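Undergrad:
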Amino acid sequence: GALRIMPGWEIRAFGFEIPNPFFPGVLLAGVTFTLLYAWPFLEARVTGDHAIHHLDDRPRQRPVRTALGVATFTFYALCFLGGASDVVSTTFGLSVNAVLWTLRFAVFVIPPIVAFATYRLCKELSARDGLLTTSRVHWKEIPGRLLHGAPESSDIGDTDDTASAEGAS
Numbered sequence: 001g002a003l004r005i006m007p008g009w010e011i012r013a014f015g016f017e018i019p020n021p022f023f024p025g026v027l028l029a030g031v032t033f034t035l036l037y038a039w040p041f042l043e044a045r046v047t048g049d050h051a052i053h054h055l056d057d058r059p060r061q062r063p064v065r066t067a068l069g070v071a072t073f074t075f076y077a078l079c080f081l082g083g084a085s086d087v088v089s090t091t092f093g094l095s096v097n098a099v100l101w102t103l104r105f106a107v108f109v110i111p112p113i114v115a116f117a118t119y120r121l122c123k124e125l126s127a128r129d130g131l132l133t134t135s136r137v138h139w140k141e142i143p144g145r146l147l148h149g150a151p152e153s154s155d156i157g158d159t160d161d162t163a164s165a166e167g168a169s
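Residue numbering for the sequence shown follows our numbering, starting at 1 and increasing by one per position.
1. Return helix, strand or coil for alanine 117, following the three-state DSSP convention.
2. By DSSP, does alanine 13 sit in helix, in strand, or in coil?
3. So, serine 85 versus glycine 1, is the Cβ gap smaller than 9 Å?
4. Write down the C-beta distance between valine 70 and alanine 115 rounded to the nearest angstrom, noting that I regard them as a contact closer than 8 Å.
5. Got a sec? Which residues, its chain only, sit under 8 Å from glutamate 17 by beta carbon, not counting five neighbours each side?
6. What does the Cβ neighbour count give for arginine 62, buried or exposed, with the cut at 16 atoms within 10 Å?
7. Can you tell me which of Leu3, Gly93, Leu42 puts its alpha carbon nearest to the alpha carbon of valine 26?
8. Which residue marks the beginning of the alpha helix (DSSP H) containing aspartate 86, and which one marks its end?
9. Rounded to whole angstroms, what is the Cα-Cα separation between threonine 102 and alanine 117?
10. Mind checking alanine 127: buried by the 16 CB within 10 Å criterion, or exposed?
11. Keeping to the same chain, check which residues put their C-beta closer than 7 Å to that of methionine 6; ignore five residues upstream and five downstream.
12. Please classify threonine 74 as buried or exposed, where buried requires at least 16 neighbouring CB atoms within 10 angstroms.
13. So which of Gly82, Phe14, Tyr76 has the shortest CA-CA distance to threonine 32?
14. Please go through the same chain and pick out, in chain order, the residues whose beta-carbon is closer than 7 Å to the beta-carbon of glycine 48, but skip the five residues on each side of it.
15. What are the start and end residues of the alpha helix (DSSP H) that includes glycine 48?
16. Is it buried or exposed for glycine 82, if we count other Cβ within 10 angstroms and need 16 for buried?
17. Just to confirm before moving on: does the CB-CB distance between arginine 65 and leucine 125 stay below 9 Å?
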């Protein structure tokens with residue numbers, strides 16, 4: 001898909017001609033997999049969190065990570081759609097060039113918009129739950145909870161409903 005979306009540019013530099021398929025076929029794939037491999041190290045360096053973590057974080061606890069992931073997924077979904085630009089144009093009765101130019105524009109515009117919306121949604125959900133997005137929650141550190149997160153048997157009856165029912169009688 002990225003091969004179809006890429007404009008027909010061929011660059012001459014240092015006496016060599018760089019063909020058009022190099023950018024979406026080699027450079028994009030190389031940058032993608034390099035960032036995938038380097039992500040844990042980059043995130044540890046940026047956040048300063050070098051501890052070993054074997055538990056998953058909720059998306060709302062890491063809004064930047066979630067927003068970047070959704071933006072990347074959106075970028076590659078649009079590239080995937082670009083691979084089917086001829087089918088899309090036939091199905092909707094559009095010209096192939098109109099679909100390609102729309103996707104060329106959308107690949108740069110839609111992922112940042114989706115990332116911003118995802119970031120705001122995660123921050124709102126985090127604030128609604130009262131979670132601090134900068135701190136990690138470990139179940140073993142919460143008193144009154146078992147290791148897997150279920151309440152202990154003594155905590156089951158301690159709800160606001162039972163306390164208000166006792167005060168009313």
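Glycine is no exception: its CB is placed at the ideal position from the N, C-alpha and C atoms.
On a predicted model such as this, the values are computed, not experimentally measured, just so you know.
TA: This is what the structure gives:
1. helix
2. strand
3. yes
4. 6 Å
5. Glu10, Ile11
6. buried
7. Leu3
8. 85-92
9. 21 Å
10. exposed
11. Asn20, Phe23, Pro24
12. buried
13. Tyr76
14. none
15. Looking at the DSSP string, glycine 48 is not in any alpha helix (DSSP H), and its letter there is neither H nor E.
16. buried
17. no
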